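For the record, the sequence lines run as chains C and E.
Take the first sequence: its position 146, counting from 1, is numbered 186 in the working numbering, and each next residue is one higher.
Take the second sequence: its position 87, counting from 1, is numbered 127 in the working numbering, and each next residue is one higher.
Yeah, the Cβ is synthetic: ideal placement off N, Cα and C, and Gly gets one too.
Note that the structure is predicted; figures quoted are calculated from it, not measured.
Protein chains: 2
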Amino acid sequence: MLSGGGLLATSIPSINVSAGVPGPDLSRFPFSLGIASYTCRKFSMEDTLKMTKRVGVSKICFKEYHLPLNATDELIASTVAKCKSEGIDLYSGGVIYMKTKEQVDGAFEYAKKAGMRMIIGVPNHELLSYTEKKVQDYNIKLAIHNHGPGDKLYPSAESAYVLIKNMDPGMGLCIDIGHTKRINRNPEQDLNDFFDRVIDIHIKDVTSNDAKGTCIEMGRGVIDIPSFLRTVVKKKYSGVLSLEYEIHADDPLPGMAESIGYTRGILSTL
Amino acid sequence: MLSGGGLLATSIPSINVSAGVPGPDLSRFPFSLGIASYTCRKFSMEDTLKMTKRVGVSKICFKEYHLPLNATDELIASTVAKCKSEGIDLYSGGVIYMKTKEQVDGAFEYAKKAGMRMIIGVPNHELLSYTEKKVQDYNIKLAIHNHGPGDKLYPSAESAYVLIKNMDPGMGLCIDIGHTKRINRNPEQDLNDFFDRVIDIHIKDVTSNDAKGTCIEMGRGVIDIPSFLRTVVKKKYSGVLSLEYEIHADDPLPGMAESIGYTRGILSTL
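Next up, the structure:
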């Protein structure tokens, strides 16, 4: 069953990519690298897994392009089985918008069926208490994703933090370091100030520290990635750093590879 | 005119790759990054330049696949013009084997016509004095490339160094760090011991420190790349570090991007 929401491009490119081998051993760090599959939104679920493997990454957050929110139980099961057979851990889903109680209900049922431990989400403010109960009932965490200047709900990590800081510990943040930089804030500040709620991180780079900033290969933009990663290590962050590479949608693999390579290069010195 | 030497694959893959933007500013370093075009040996010259640009690199060493050694003056001129129009500096050619005086003559004429400042070469031992005279006559440097265990002529950088160390300063070395590692030697030792003759470097990673070692994405193999790059910086090396990525010949771009990204990540911390 394909998405009913018009999410799929009319023509899906395909990729014939050489098989990957495992990435470098990062087991000395408590965190892992992942891919946020929005990166591969024009490609099939199968090709998305291929590209993830090619860059030696084994954790993924599926956007609905790769597992529709209204997928049948059969499609969820076969998709989860495919991830497993490819050695990819489908640790989360998102970003999932939740504007109604029904959408919150649907998101948690979807995540539960897919075995996801976390939803990267954007619930309306008035649904936060309702969402907190779901987090407790399902034992699935919610990581609220900041979307930068212009976003009405969560322009900054702080705008989410102040609303959830006294809620269940399963209510957390997915810091998107690109959108943080776009409000002219250094991502390591988010880590330092809101660390008790940081449960997921989207890594990327952006071209400028304001609303005009757009995504670019990591290392080519304005974010001080070494400084950010030093803070990740210092704080002993133990979640996933998922690359969300938003440009070159028809051809994301080179930018994914460069960005993951750049991140590993820095980590190799820490 | 295509190569007469059977070098071109019977079917040349093509690539539809998004345009690149400039790479990160590395101008604080006296060296540059480049691509050794053996990496793209199954692709046309035009696609090779596209892939080089996509990874934000602007120096290239052409292997004969991309400019045949017996190319006409017209083909050389149009190829050089294409590089220039794409903003890529064709700084060298190679690896070029020279087993006869005629091949030495041909290599230097070829390099001169293409405006190359350097030949990455493998001259027979008995031709070294003859080659030295060419280096002086043409004001084009020769960088002898080591090829690891099993190579009869230059298994190690040392095997070339001992033969040229008292020759004209234009007689130098292209340290291939993969082949150095394959003789179980750390590449920074080559830099430290033979630095006065190191005029070019091929960067890569390999799977093991012996003859069985094969190429792999930088950071996934056994070479301590951070340690090597620290030495590059410390020695104030001012040439080119050209990536020679030898695997996935049908699909080299992801591995090129990952390797260049990895290198830049390390450099961003130095």
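What's the gap between the Cα of C:D208 and the Cα of C:L167? As a position in the first sequence, residue 208 of chain C is number 168, starting the count at 1. As a position in the first sequence, residue 167 of chain C is number 127, starting the count at 1. About 14 Å.
Give the straight-line distance between the Cα atoms of E:Q229 and E:F235, rounded to the nearest whole angstrom. Stepping through the second sequence from its first residue, residue 229 of chain E is reached at position 189. Stepping through the second sequence from its first residue, residue 235 of chain E is reached at position 195. Cα to Cα, the separation comes out at about 9 Å.
Give the list of continuous alpha helix (DSSP H) stretches no shorter than 4 residues that lie fully inside the region 92 to 129 of chain E. With a minimum length of 4 residues, the continuous alpha helix (DSSP H) runs that stay inside the region 92 to 129 of chain E are 113 to 125.
At a CB distance below 9 Å, what residues from the region 82 to 102 of chain C approach chain E? Give them in sequence order. Cβ contacts with chain E come from M91, R94, V95, G96.
Please confirm if C:H288 has its CB atom under 9 Å from at least one CB of chain E. Translated into the one-based positions of the first sequence, residue 288 of chain C becomes position 248. For C:H288, a Cβ of chain E is located within less than 9 Å of the residue's own Cβ.
Specify the secondary structure class of C:V162 as computed by DSSP and reduced to three states. In the first sequence, counting from the first residue as 1, residue 162 of chain C sits at position 122. In the three-state reduction of the DSSP assignment, C:V162 falls in the strand class, which pools E and B.
Give the residues of chain C in contact with E:V57, contact being defined as C-beta atoms less than 8 Å apart. Residue numbering aside, residue 57 of chain E sits at position 17 when the second sequence is read from its first letter. Annotation: Cβ neighbours of E:V57 in chain C (cutoff 8 Å, chain order): D291, P294.
Using only the alpha-carbon positions, how far apart do C:P62 and C:A147 sit? Position 22 of the first sequence, counted from the first residue, corresponds to residue 62 of chain C. Position 107 of the first sequence, counted from the first residue, corresponds to residue 147 of chain C. C-alpha separation (whole angstroms): 32 Å.
Own chain, CB closer than 7 Å to E:G295, minus 5 neighbours either side, in chain order: For the purposes of this step, residue 295 of chain E is identified with residue 255 of the second sequence, where counting begins at 1. Taken in chain order, the residues that qualify are E257, Y285, I287, H288.
Would you tell me roughly how many angstroms separate the C-alpha atoms of E:L307 and E:L269, rounded to the nearest one? Position 267 of the second sequence, counted from the first residue, corresponds to residue 307 of chain E. Position 229 of the second sequence, counted from the first residue, corresponds to residue 269 of chain E. Approximately 7 Å, taken between the alpha carbons.
Since I believe C:G190 is in contact with E:G301 (beta carbons under 8 Å), could you give me their beta-carbon distance rounded to a whole number of angstroms? As a position in the second sequence, residue 301 of chain E is number 261, starting the count at 1. As a position in the first sequence, residue 190 of chain C is number 150, starting the count at 1. The distance from the Cβ of E:G301 to that of C:G190 is about 30 Å, inconsistent with a contact at the 8 Å cut-off.
Give me the subset of the region 195 to 215 of chain C whose CB atoms are less than 7 Å from a CB atom of chain E, sorted by chain position. Closer than 7 Å at the C-beta level to chain E, one finds no residue of the region 195 to 215 of chain C.
The beta strand (DSSP E) enclosing C:S282, as first and last residue numbers: The residue labelled residue 282 of chain C in the question sits at position 242 within the first sequence. It spans 280 to 283 - the beta strand (DSSP E) in which C:S282 sits, taken as one unbroken run.
Beta-carbon proximity of E:T119 to E:L109, cut-off 9 Å: Within the second sequence, numbered from 1, the residue matching residue 119 of chain E stands at position 79. Within the second sequence, numbered from 1, the residue matching residue 109 of chain E stands at position 69. No.
At which residues does the alpha helix (DSSP H) containing C:A183 begin and terminate? Counting from one through the first sequence, the residue named residue 183 of chain C turns up at place 143. It is not in any alpha helix (DSSP H) - C:A183 instead sits in the beta strand (DSSP E) that spans 181 to 185.
Mapping the DSSP letters down to three states, classify C:D87 as helix, strand or coil. Residue numbering aside, residue 87 of chain C sits at position 47 when the first sequence is read from its first letter. If DSSP states are grouped into helix, strand and coil, C:D87 belongs with the helices.
Helix, strand or coil, according to DSSP, for E:I72 in the structure here? Residue numbering aside, residue 72 of chain E sits at position 32 when the second sequence is read from its first letter. According to the sequence provided, residue 72 of chain E is Ser. The question's Ile does not apply to it. Looking at E:S72 - three-state DSSP - the assignment turns out to be strand.
With distances taken Cα to Cα, identify the nearest neighbour of C:G259 among C:R237, C:T247, C:S282. Looking up residue 259 of chain C in the first sequence gives position 219. Proximity to C:G259 across C:R237, C:T247, C:S282 peaks at C:T247, based on C-alpha coordinates.
With a threshold of 9 Å between beta carbons, is E:M156 in contact with chain C? As a working mapping, residue 156 of chain E is identified with position 116 in the second sequence. No, no contact with chain C.
Using a Cβ-Cβ cut-off of less than 9 Å, list which residues of the region 147 to 173 of chain E approach chain C; keep chain order. Going along the region 147 to 173 of chain E in chain order, one finds no residue with a Cβ nearer than 9 Å to chain C.
Whole-Å CB distance - C:I311 paired with C:K244, under 8 Å assumed: Outside the modelled stretch of chain C, which goes from 41 to 310, sits residue 311 of chain C, for which no answer is possible.
Answer yes or no: do E:Y194 and E:N186 have a C-beta to C-beta separation smaller than 9 Å? Here residue 194 of chain E refers to the residue found at position 154 of the second sequence. Here residue 186 of chain E refers to the residue found at position 146 of the second sequence. Cβ distance < 9 Å, so E:Y194 and E:N186 count as in contact.
Between the beta-carbon of C:E104 and the beta-carbon of C:G74, is there less than 9 Å? Taking the first residue of the first sequence as position 1, residue 104 of chain C is located at position 64. Taking the first residue of the first sequence as position 1, residue 74 of chain C is located at position 34. Their beta carbons are not under 9 Å apart, which means C:E104 does not touch C:G74 by this criterion.
What is the residue span of the beta strand (DSSP E) that E:H219 lies within? As a first step, residue 219 of chain E must be located in the second sequence, where it is residue number 179. DSSP places E:H219 outside any beta strand (DSSP E); the residue lies instead in the alpha helix (DSSP H), whose first and last residues are 217 to 222.
Could you confirm whether any beta carbon from chain E is found closer than 9 Å to the beta carbon of C:P64? For the purposes of this step, residue 64 of chain C is taken as residue 24 along the first sequence, with counting starting at 1. Interface residue, yes.
Straight-line gap, C:K274 to C:D264 (C-alpha atoms, nearest Å): Residue 274 of chain C sits at position 234 when you count from the first residue of the first sequence. Residue 264 of chain C sits at position 224 when you count from the first residue of the first sequence. The C-alpha of C:D264 is placed about 16 Å away from the C-alpha of C:K274.
Considering E:D240, what are the terminal residues of the beta strand (DSSP E) in which it resides? As a working note, residue 240 of chain E is residue 200 in the second sequence. Run containing E:D240: 238 to 243, per the beta strand (DSSP E) assignment.
Note down, in chain order, every chain C residue with its Cβ under 9 Å from the Cβ of E:P266. Within the second sequence, numbered from 1, the residue matching residue 266 of chain E stands at position 226. The contact set of E:P266 on chain C, defined by CB atoms closer than 9 Å, consists of G305, S308, T309 in chain order.
Quick one: Cα of C:F83 to Cα of C:K181, how far? As a position in the first sequence, residue 83 of chain C is number 43, starting the count at 1. As a position in the first sequence, residue 181 of chain C is number 141, starting the count at 1. Answer to the nearest angstrom: the Cα atoms are 27 Å apart.
Anything in chain C within Cβ reach of E:E298, meaning under 7 Å, just list it in chain order. To locate residue 298 of chain E, count along the second sequence from 1; it is residue 258. Near E:E298 (Cβ distances below 7 Å), the residues of chain C are V95, A297, E298, I300, G301.
Rounded to a whole number of angstroms, what is the C-alpha to C-alpha distance between E:S125 and C:A117? Here residue 125 of chain E refers to the residue found at position 85 of the second sequence. Here residue 117 of chain C refers to the residue found at position 77 of the first sequence. Looking at the backbone, the Cα of E:S125 and that of C:A117 are separated by about 52 Å.
Quick one: using the 10 Å Cβ neighbour count with 16 as the cut-off for buried, is E:D87 buried or exposed? As a working note, residue 87 of chain E is residue 47 in the second sequence. With a 10 Å radius around the Cβ and a threshold of 16 neighbouring Cβ atoms, E:D87 comes out buried.
Please confirm whether E:G74 has its beta-carbon closer than 9 Å to some beta-carbon of chain C. For the purposes of this step, residue 74 of chain E is taken as residue 34 along the second sequence, with counting starting at 1. Not an interface residue.
Which residue wins for smallest C-alpha separation from E:V272, given the options E:P227, E:V97, E:S299, E:C80? Walking along the second sequence from the start, residue 272 of chain E turns up at place 232. Of the candidates E:P227, E:V97, E:S299, E:C80, the one whose C-alpha sits nearest the C-alpha of E:V272 is E:P227.
Report the CB separation of E:I128 from E:L89 in whole angstroms; it is logged as a contact under 8 Å. On the second sequence, residue 128 of chain E is found 88 positions in, with the first residue counted as 1. On the second sequence, residue 89 of chain E is found 49 positions in, with the first residue counted as 1. Rounded to whole angstroms, the Cβ separation of E:I128 and E:L89 is 6 Å, and the two are in contact under 8 Å.
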